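Taking it in order: structure first as structure tokens, then the write-up.
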Amino acid sequence: MTKIGVAGAGLIGRQHIAAIARTPDVTLSAVLDPALSQMEWPRAHDLAELAKQSDGVILAVPNALHAPMASELIKAGCPMLIEKPLTGTGAEGADLVAAAGEVPILVGHHRRHNPLVAKAKEIIESGVLGTLTAVHGQCWLPKPDHYYDADWRQGAGAGPLFINLIHDVDVLMHLCGPIAQVQAFESNAVRGAEAEEVGVAILRFANGVLGTVNLSDVSLGPWSWELTAGENPAYPKTDEAAYLIGGTRASLSLPNLTVWGQKAGPDWWAPIDSTRHPLPLSDPLSAQISHFADVIAGRAAPVVSAADGLRAVQVVEAIKLAAQAGTSVDIK
15 MTKIGVAGAG
25 LIGRQHIAAI
35 ARTPDVTLSA
45 VLDPALSQME
55 WPRAHDLAEL
65 AKQSDGVILA
75 VPNALHAPMA
85 SELIKAGCPM
95 LIEKPLTGTG
105 AEGADLVAAA
115 GEVPILVGHH
125 RRHNPLVAKA
135 KEIIESGVLG
145 TLTAVHGQCW
155 LPKPDHYYDA
165 DWRQGAGAGP
175 LFINLIHDVD
185 VLMHLCGPIA
195 QVQAFESNAV
205 RGAEAEEVGV
215 AILRFANGVL
225 GTVNLSDVSL
235 GPWSWELTAG
245 ENPAYPKTDE
255 AAYLIGGTRA
265 SLSLPNLTVW
275 GQKAGPDWWA
285 PIDSTRHPLP
295 LSDPLSAQIS
305 HFADVIAGRA
315 APVVSAADGL
325 RAVQVVEAIK
335 LAAQAGTSVD
345 IK
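Numbering-wise, the sequence shown is residues 15 to 346 according to this note's numbering.
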């Protein structure tokens, strides 16, 4: 039985705790959160105690705490799963990757544990789409006012770019390759907080693919991974698409896994047909916990490594910089 501790019992921390409870062969060792008023779970008084009680620790704390707490776990030799983003800045992430050594670090981009993403990767690598040319990702996920009751969620670095779009960036790079350059705009005209509310970006992938992403947590609409993938029952499911991936011979919409093509080849006057590859709903958070246990035991390497998490942070950081500076930003 693998003992997993959780630091942070907020919105995502509680989801990890619930995932541990429904995952075979793992158990919750303890929870570290000074804000807890009730003894819902075994408690740890500090991170050092949590590490001693656990085979591995999940960090589900505010973004600014990721780097210092991960550094402490590295010194303790404790494997960890860091909820995205890996760190609050790319510089912190680079230092963390360099310091990790042999200590396993996973990053909580849980969508990579969804069979929908694995199937999409399979379809793309089969060549049915031809040469990839263009990509679009959309995340319109309106958040209620009480979501922002926690002051940190209104500050710099806590807006939907780092909270939500970073997931989309990770998946799009997993499917289409690394992003090399971005241009962007952002707005906070509705709430007026320091955190952005709307962001749009143009992406240039290293392989020549061009893409766009459109993000808003103040626009009501059905187009986001959360509302289309059905992986989290807390969200109402729609049958719309969140990602469109275009190629010279066909295109793919996700997460409904629909391939759009033409039997006679590309011809804008010819009929277009679709083939859907349905998959049952899955529980990627539980799959991520099982994978974490395998990594702790030395049976697997991280599906989403610290280096992967760092790349996603660097891209989102570049989008933020491009929006503020009004210029394109290269990602090295």
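Quick reminder that beta carbons are idealized off the backbone N, C-alpha and C, glycines included.
As the structure is a computational prediction, the values presented were derived from the model and not from experiment.
Using beta-carbon positions only, say whether residue i and residue j come within less than 9 angstroms of one another.
{"i": "Gln152", "j": "Val227", "result": "yes"}
{"i": "His150", "j": "Leu258", "result": "yes"}
{"i": "Ile310", "j": "Val329", "result": "no"}
{"i": "Thr103", "j": "Gly70", "result": "no"}
{"i": "Ala58", "j": "Ala23", "result": "no"}
{"i": "Leu324", "j": "Gly107", "result": "yes"}
{"i": "Glu97", "j": "Gly27", "result": "yes"}
{"i": "Ala326", "j": "Val183", "result": "yes"}
{"i": "Ser304", "j": "Pro38", "result": "yes"}
{"i": "Leu293", "j": "Leu130", "result": "yes"}
{"i": "Ile333", "j": "Val185", "result": "no"}
{"i": "Pro156", "j": "Gly235", "result": "yes"}
{"i": "Val212", "j": "Ser238", "result": "no"}
{"i": "Asp253", "j": "Thr262", "result": "no"}
{"i": "Ala148", "j": "Val40", "result": "no"}
Could you compute how far the alpha carbon of residue i sits from the alpha carbon of residue j?
{"i": "Gln302", "j": "Ile18", "result": "12 angstroms"}
{"i": "Lys89", "j": "Gly244", "result": "38 angstroms"}
{"i": "His188", "j": "Gly260", "result": "15 angstroms"}
{"i": "Arg218", "j": "Ala113", "result": "30 angstroms"}
{"i": "Lys66", "j": "Thr289", "result": "51 angstroms"}
{"i": "Asp322", "j": "Val20", "result": "22 angstroms"}
{"i": "Leu271", "j": "Ala198", "result": "28 angstroms"}
{"i": "Ala44", "j": "Ala62", "result": "12 angstroms"}
{"i": "Ala74", "j": "Gly206", "result": "27 angstroms"}
{"i": "Asn202", "j": "Trp283", "result": "42 angstroms"}
{"i": "His291", "j": "Pro269", "result": "10 angstroms"}
{"i": "Ala361", "j": "Ile119", "result": "Any question about residue 361 goes unanswered here, given that the chain covers just 15 to 346."}
{"i": "Phe306", "j": "Pro280", "result": "44 angstroms"}
{"i": "Phe176", "j": "Val214", "result": "13 angstroms"}
{"i": "Arg313", "j": "Glu54", "result": "32 angstroms"}
{"i": "Lys277", "j": "Glu136", "result": "21 angstroms"}
{"i": "Asp308", "j": "Val204", "result": "44 angstroms"}
{"i": "Tyr249", "j": "Ala78", "result": "27 angstroms"}
{"i": "Ala256", "j": "Glu86", "result": "37 angstroms"}
{"i": "Ile180", "j": "Val273", "result": "25 angstroms"}
{"i": "His80", "j": "Pro99", "result": "8 angstroms"}
{"i": "Leu46", "j": "Met94", "result": "14 angstroms"}
{"i": "Val343", "j": "Ala35", "result": "43 angstroms"}
{"i": "Asn353", "j": "Pro174", "result": "Because the chain spans 15 through 346 in this model, residue 353 falls outside it and cannot be assessed."}
{"i": "Gln168", "j": "Ile31", "result": "25 angstroms"}
{"i": "Ala33", "j": "Asn246", "result": "11 angstroms"}
{"i": "Pro82", "j": "Gly91", "result": "14 angstroms"}
Answer with buried or exposed for residue i, where buried requires no fewer than 16 other C-beta atoms within 10 angstroms of its C-beta.
{"i": "Ser140", "result": "exposed"}
{"i": "Ile286", "result": "exposed"}
{"i": "Asp165", "result": "exposed"}
{"i": "Thr145", "result": "exposed"}
{"i": "Glu331", "result": "buried"}
{"i": "Pro192", "result": "exposed"}
{"i": "Glu210", "result": "buried"}
{"i": "Val318", "result": "buried"}
{"i": "Ala336", "result": "buried"}
{"i": "Leu295", "result": "exposed"}
{"i": "Glu208", "result": "exposed"}
{"i": "Asn221", "result": "exposed"}
{"i": "Pro158", "result": "exposed"}
{"i": "Leu64", "result": "buried"}
{"i": "Leu110", "result": "buried"}
{"i": "Thr101", "result": "buried"}
{"i": "Gly340", "result": "exposed"}
{"i": "Ser51", "result": "exposed"}
**Prompt:** Does the region 290 to 308 touch the region 109 to 124, meaning 3 or more C-beta pairs lie closer than 8 angstroms?
**Reply:** yes
**Item:** beta strand (DSSP E) runs contained entirely in the region 60 to 114, provided each spans 3 or more residues
**Value:** 70 to 73 and 94 to 96
**Prompt:** Where are the beta strand (DSSP E) runs, 3 residues long or more, that stay fully inside the region 118 to 203, in chain order?
**Reply:** 119 to 121, 146 to 154 and 193 to 201
**Prompt:** Which runs of the alpha helix (DSSP H) fall wholly inside the region 239 to 268 and span at least 4 residues, in chain order?
**Reply:** 239 to 242
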